[in-house]
Amino acid sequence: MSLTLRIDTDAWRAHLRRTADSIRGLVPVAKGNGYGFTLPRLVQEATLLDAPVLAVGIAEEVAVVRAAGWDRDVVVLTPWSPADGTALLADDRLIVTVSRLENLRALIAARPDARVILEVLTSMRRHGLAVSDLPRAAEIVGGSGLRLEGWTIHLPMVAHAEEARSLARAALDAANAPLWLSHLSVPDYDAIREEFEVKTHLRVGTALWLGAPATRRVVARVLDVHPVARGERVGYWQHRVPRAGYVVVVGGGTANGIAMEAPTSAHTVRQRGIALASGGMEALGLALSPYRIDGRKRFFVEPPHMQSSLVFLPSGAGVAIGDEIPVEARLTAVTFDSIEG
Ligand SMILES: *Cc1c(COP(=O)(O)O)cnc(C)c1O
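If you're matching positions, the sequence shown starts at 12 in my numbering and goes up one per residue.
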């Protein structure tokens with residue numbers, strides 16, 4: 012119970028509800044570490060939202076959301092390839108994505124009536140069929156028993172609605188089927204919904220789960236505090252502390268995804284000079300931690316340990332064992348010891 016995500020559940024759920032109500036055809040995305048909340052928790056929230064379909068990132072996550080109780084449709088976002096195996100395809104509530112013609116043929120061989128979404132290559136250049144291959148893909152699907160669930164267009168974060176429009180037009184010319192989109196503003200998405208007379212879906216992860224930052228707090232427990240004299244050696248690596256102060260042992264370490272940030276504030280010689288002149292610790296090559304004590308992010312004494320970290324607190328600042336201090340963690344990269352709320 013040393014690195015904790017504390018959720019104001021009522022406020023978070025009100026935000027989730029508002030978001031779901033404002034996006035027709037919303038598909039919640041539950042992948043990776045569940046955006047910090049864990050996949051089972053996102054299954055629980057998607058169930059409360061009464062979402063008809065959930066998107067997962069990779070094939071392996073299907074079993075996780077099923078075990079967590081999700082028994083409705085699941086879309087796997089990473090395109091299916093024979094390397095994912097065929098066992099997965101037995102699930103009739105599963106929809107796979109395909110982004111290559113040869114994998115489309117392999118899918119037909121593996122499960123002739125699989126439910127499939129065809130991915131269109133965007134300026135992201137991640138996965139997808141080239142526009143010139145769309146008619147051929149539609150022809151292969153049309154001549155098979157595959158159930159075409161739609162076209163997917165995964166746009167860059169800096170999405171241009173115009174790109175979505177022109178790719179959607181090309182896809183719908185090849186075969187009339189629902190559109191599955193992402194990373195569009197709600198007004199752009201609504202404009203596309205009106206323009207094309209097909210069913211549309213908008214996949215949302217970050218803006219849904221992480222959209223109301225005030226509804227959560229990440230805190231670490233202060234596990235121990237030791238006064239140290241200037242120049243005293245501390246830690247696994249016996250570095251000398253730069254000044255008199257305290258070594259503060261806080262919850263959370265490498266196992267939680269707590270990482271050293273590059274000491275970005277002192278890139279240049281000039282900045283280093285300024286840091287030195289102001290007694291800044293970045294000048295000494297120490298890395299800033301995500302832990303905040305007395306209103307400031309503090310420096311690591313050394314790289315984080317597995318489940319705790321050592322940070323330096325200069326004399327004058329105060330902290331006590333058992334205090335909870337805020338942590339500026341990136342939720343998609345952190346595993347919490349506990350989630351409350
Ligand atoms: C991750 C992902 C999303 C959701 O992205 P967010 O930025 O978290 O909303 C949507 N579509 C695809 C294909 C993805 O891989």
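Virtual Cβ for every residue (Gly too), placed ideally from N, Cα, C.
Fair warning: this is a prediction, and the values are worked out from it, not measured in the lab.
The stretch 23-37 / the stretch 319-326 touching (three or more Cβ pairs under 8 Å): Contact between the stretch 23-37 and the stretch 319-326 is not established, with fewer than three Cβ pairs separated by less than 8 Å.
Backbone CA spacing between H237 and D305 [nearest angstrom]: The alpha-carbon atoms of H237 and D305 are separated by roughly 17 Å.
Neighbourhood of A70 by C-beta distance below 6 Å, restricted to the same chain and skipping five residues each side: Here the set comprises V87, D95, L99.
Contacts around R244, its chain only, beta-carbon distance under 6 Å, and the 5 residues preceding and following it disregarded: The answer, listed in chain order, is R251.
Beta strand (DSSP E) runs contained entirely in the stretch 225-249, provided each spans 3 or more residues: List check, beta strand (DSSP E) in window: 227-239.
Alpha carbon of W220 to alpha carbon of T58, nearest angstrom: Approximately 14 Å, taken between the alpha carbons.
Closer than 7 Å: L88 CB and nearest ligand 1 heavy atom: In terms of side-chain proximity, the C-beta atom of L88 is found nearer than 7 Å to a non-hydrogen atom of ligand 1.
Other residues of its chain near R340: CB distance less than 6 Å, five sequence neighbours each side excluded: Checking the displayed sequence, the identity of residue 340 turns out to be Ala instead of Arg. If we look at A340 and ignore the five residues flanking it on each side, its Cβ neighbours are V229, P301.
Among R136, T211, P51, nearest to V189 - alpha-carbon criterion: Here residue 189 turns out to be Pro, not Val, going by the sequence shown. The shortest C-alpha separation from P189 is found at T211.
V209 CB to nearest heavy atom of ligand 1 below 7 Å: No.
Cβ-heavy atom distance, K42 to ligand 1, below 7 Å: At least one heavy atom of ligand 1 is nearer than 7 Å to the Cβ of K42, so yes.
Extent of the continuous alpha helix (DSSP H) to which T30 belongs: If you look at T30, you'll find it in the alpha helix (DSSP H) that goes 20-33.
Supposed close pair L14, G262 - CB separation, criterion 8 Å: Indeed, because the Cβ distance is near 5 Å, the residues count as touching under 8 Å.
Boundaries of the alpha helix (DSSP H) in which T58 is found, first to last residue: Where T58 is concerned, the enclosing alpha helix (DSSP H) stretches over 50-59.
The stretch 131-146 touching the stretch 108-117, judged by at least three CB pairs closer than 8 Å: Segment contact: the stretch 131-146 against the stretch 108-117, three or more CB-CB distances shorter than 8 Å; contact assigned.
Straight-line Cα distance separating L145 from A185: Each residue's alpha carbon lies about 6 Å from the other.
Limits of the unbroken beta strand (DSSP E) element including E351: E351 -> beta strand (DSSP E) spans 349-351.
I196 classed as buried or exposed, judged by whether at least 16 other C-beta atoms fall within 10 angstroms: Inspection of the sequence shows that residue 196 is occupied by Ser rather than by Ile. Exposed, since its Cβ has fewer than 16 Cβ neighbours within 10 Å.
Inter-residue CB distance, L178 and V131 (contact presumed, cutoff 8 Å): Under the criterion of beta carbons closer than 8 Å, L178 and V131 qualify as touching, at roughly 5 Å.
Distance between beta carbons of P315 and G246, contact taken as under 8 Å: No, G246 and P315 are not in contact; Cβ-Cβ is about 11 Å, not under 8 Å.
For A66, three-class secondary structure by DSSP: If DSSP states are grouped into helix, strand and coil, A66 belongs with the strands.
C-alpha distance - W81 paired with V54, whole-angstrom precision: Going by the C-alpha atoms only, they are around 6 Å apart.
Rounded C-alpha distance that separates A277 from L297: Model confidence at A277 stands at a pLDDT of 49, short of 50, so the residue's coordinates are unreliable; what they give is reported in the following sentence. Looking at the two C-alpha atoms, the distance is approximately 10 Å.
CB-CB length for T226 against I18, believed under 8 Å: Indeed they touch by this definition, with Cβ atoms about 7 Å apart.
Within 8 Å, strictly: CB atoms of G47 and L342: Against a cut-off of 8 Å, the Cβ pair of L342 and G47 comes out as a contact.
Per-residue DSSP class, three states only, for E160: Residue state, collapsed to three classes: strand.
Alpha-carbon to alpha-carbon, F311 and E106: According to the sequence as given, residue 106 is Ile; it is not Glu. One C-alpha to the other measures close to 46 Å.
Per DSSP, the bridge partner or partners of T108: As DSSP reads the structure, T108 sits in a beta bridge with I128.
Through-space distance from E351 to S289, alpha-carbon basis: Note that S289 has pLDDT 47, beneath the 50 cutoff, so the model's placement of it is unreliable and no number is given.
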